[in-house]
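J.: A single structure is presented below for examination.
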DNA sequence: TTTCATTTGTCCGTATGTATT
DNA sequence: AAATACATACGGACAAATGAA
């Protein structure tokens with residue numbers, strides 16, 4: 002049975018390594034969706050690199066590459082030692 | 002003896018690994034200077050990664066990172082299989 | 001103050017794939 | 001076919017910032 006609440010739970014990040022879309026781009030796309038859909042609100046933290054590693058099995062550098070895409074797009078910002086957050090402007 | 006011509010020869014790239022400026026940023030700064038000073042003219046190739054490796058001892062990924070900075074700034078562009086070149090606009 | 005865990009930042013080495021010459 | 005060069009990805013290492021204990 003599926004409750005309404007469950008509909009708001011984020012789907013786990015999943016990467017298809019055989020896709021012709023690069024892994025870092027797949028990750029960036031999914032994170033972008035989570036921000037633009039409001040699943041991650043303004044100033045709210047994105048999943049940490051460690052967390053994404055556990056969920057996806059991707060290498061840290063690949064994950065940083067994906068996150069960097071969002072930062073370059075102005076959709077996220079990083080605070081060293083704290084985490085990466087969705088941009089306040091939304 | 003130093004001829005006038007030598008004054009136009011590019012200084013070798015040099016990275017200080019102990020600087021608090023990241024290596025990739027030092028490289029980006031030096032390459033940017035070479036472009037803005039006209040030492041590397043519009044549509045002229047930047048030094049290849051192999052060449053920069055020999056001169057600096059930096060890892061390929063670090064060099065690409067530095068070059069990527071210039072690409073993001075619109076100061077350079079890459080042609081796959083050819084190399085990286087100074088932007089035509091200058 | 002010190003210690004510890006968490007998180008991001010930087011860097012290296014290596015491997016494979018793709019595109020151009 | 002071979003050489004050159006970038007793109008992507010992995011794995012590992014160490015440093016720095018933060019916050020909590």
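Residue numbers (our numbering), protein chains in the order written: chain A, 2 to 91; chain B, 2 to 91.
Backbone N, C-alpha and C define an ideal beta-carbon position, used for all residues, glycine too.
Being a predicted model, the structure only gives us computed values, none of them experimental.
Assuming residue 82 of chain B is part of the beta strand (DSSP E), what are its boundary residues?
T.: As a position in the second chain, residue 82 of chain B is number 81, starting the count at 1. It is not in any beta strand (DSSP E) - residue 82 of chain B carries neither H nor E in the DSSP assignment.
J.: Could you tell me whether the stretch 59–67 of chain A touches the stretch 14–25 of chain B, where touching means 3 or more Cβ pairs closer than 8 Å?
T.: No contact exists between the stretch 59–67 of chain A and the stretch 14–25 of chain B.
J.: Under DSSP, the alpha helix (DSSP H) around residue 27 of chain A begins and ends at which residues?
T.: Taking the first chain and counting its residues from 1, one reaches residue 27 of chain A at position 26. Element bounds for residue 27 of chain A: 24–37.
J.: Rounded to whole angstroms, how far is the Cβ of residue 88 of chain B from the Cβ of residue 43 of chain B, which I believe are closer than 8 Å?
T.: Reading the second chain from its first residue, position 87 is the one you call residue 88 of chain B. Reading the second chain from its first residue, position 42 is the one you call residue 43 of chain B. Indeed, because the Cβ distance is near 7 Å, the residues count as touching under 8 Å.
J.: Which residues in the same chain have their Cβ closer than 6 Å to the Cβ of residue 82 of chain B, if we skip the five residues on either side of it in sequence?
T.: The residue labelled residue 82 of chain B in the question sits at position 81 within the second chain. So the list is empty, once near-sequence residues are dropped.
J.: Assuming residue 58 of chain A is part of the alpha helix (DSSP H), what are its boundary residues?
T.: For the purposes of this step, residue 58 of chain A is identified with residue 57 of the first chain, where counting begins at 1. First-last for residue 58 of chain A: undefined, no H or E at that position.
J.: Going by DSSP, which residues form a beta bridge with residue 46 of chain B?
T.: As a first step, residue 46 of chain B must be located in the second chain, where it is residue number 45. Its beta-bridge partners are B:86.
J.: For residue 60 of chain B, does the count of other Cβ atoms within 10 angstroms reach 16, so buried, or fall short, so exposed?
T.: Along the second chain, one-based indexing puts residue 60 of chain B at 59. It is exposed - the Cβ of residue 60 of chain B has fewer than 16 other Cβ atoms within 10 Å.
J.: Ignore the nearest five residues each way along the sequence and tell me which others in residue 24 of chain B's own chain have a CB closer than 7 Å to its CB.
T.: The count along the second chain starts at 1 and reaches residue 24 of chain B at position 23. Counting only Cβ-Cβ distances below 7 Å, and skipping sequence neighbours, we find 16, 18, 59 and 63.
J.: Taking the straight line between their C-alpha atoms, what separation do you get for residue 69 of chain A and residue 34 of chain A?
T.: Position 68 of the first chain, counting from 1, holds the residue named residue 69 of chain A. Position 33 of the first chain, counting from 1, holds the residue named residue 34 of chain A. The straight-line gap from Cα to Cα measures roughly 15 Å.
J.: Are residue 49 of chain A and residue 84 of chain A touching if we call contact CB-CB under 8 Å?
T.: In the first chain, counting from the first residue as 1, residue 49 of chain A sits at position 48. In the first chain, counting from the first residue as 1, residue 84 of chain A sits at position 83. Yes, the Cβ-Cβ distance between residue 49 of chain A and residue 84 of chain A is below 8 Å.
J.: Should residue 26 of chain B be counted as a contact of the ligand GDP given a C-beta to heavy atom distance under 7 Å?
T.: Ligands are entirely absent from the displayed structure, and the ligand GDP is therefore not among its contents.
J.: Helix, strand or coil, according to DSSP, for residue 66 of chain B in the structure here?
T.: Along the second chain, read from residue 1 onward, the residue named residue 66 of chain B stands at position 65. Of the three classes helix, strand and coil, the one that applies to residue 66 of chain B here is helix, per DSSP.
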